[in-house]
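As structure tokens, the structure follows; a few thoughts come after it.
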Amino acid sequence: PHYGELDERINAGWPDFEAALIANDKVYEAHIYAGANHGFHNDSTPRYDEAAADLAWSRTLDWFNRHLT
Numbered sequence: 001p002h003y004g005e006l007d008e009r010i011n012a013g014w015p016d017f018e019a020a021l022i023a024n025d026k027v028y029e030a031h032i033y034a035g036a037n038h039g040f041h042n043d044s045t046p047r048y049d050e051a052a053a054d055l056a057w058s059r060t061l062d063w064f065n066r067h068l069t
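The opening residue of the sequence shown carries number 1 in our numbering; numbering runs sequentially from there.
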């Protein structure tokens, strides 16, 4: 998952979510983007963070290429 550092609501649930992933032996990578807020990848809002969005997209495609091919 990709989370913005400033997204307190989503980040509050991350420890339990990660524990569930681990308990169920799921493959995952987690990335938290410094200074980014919820919806940082949505370019139609003031929260858009182009650098974080580009990096998240690149990491997503890389993960897909490693785990879905």
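Here a beta-carbon is modelled for each residue, glycine too, at the ideal position from N, C-alpha and C. Only a predicted model underlies this, so the values are computations on that prediction, with no experimental measurement involved.
- Message: For Gly4 and Tyr28, which I take to be in contact (beta-carbon distance under 8 Å), what is that distance rounded to the nearest angstrom?
- Response: Taking the first residue of the sequence shown as position 1, residue 4 is located at position 4. Taking the first residue of the sequence shown as position 1, residue 28 is located at position 28. The beta-carbon separation of Gly4 and Tyr28, rounded to 18 Å, does not stay under the 8 Å limit for a contact.
- His67 lies in the beta strand (DSSP E); which residues open and close that run? In the sequence shown, counting from the first residue as 1, residue 67 sits at position 67. Counting along the chain, His67 falls outside any beta strand (DSSP E), though it belongs to the alpha helix (DSSP H) covering Glu50 to His67.
- Within 10 angstroms of the Cβ of Ala56, are there 16 or more other Cβ atoms? Answer buried if so, exposed if not. The residue given as residue 56 occupies position 56 in the sequence shown. Classification of Ala56: buried, given that the 10 Å Cβ count is 16 or more.
- Under 8 Å by Cβ, that's how I've got Leu6 and Gly35 pegged, so tell me the actual separation to the nearest angstrom. Locating residue 6 in the sequence shown gives position 6, where the first residue counts as 1. Locating residue 35 in the sequence shown gives position 35, where the first residue counts as 1. At roughly 7 Å, the Cβ-Cβ gap stays under 8 Å, so Leu6 and Gly35 are in contact.
- Beta-carbon separation of His67 and Ala53 under 7 Å? Position 67 of the sequence shown holds residue 67. Position 53 of the sequence shown holds residue 53. For the 7 Å CB-CB criterion, His67 and Ala53 do not form a contact.
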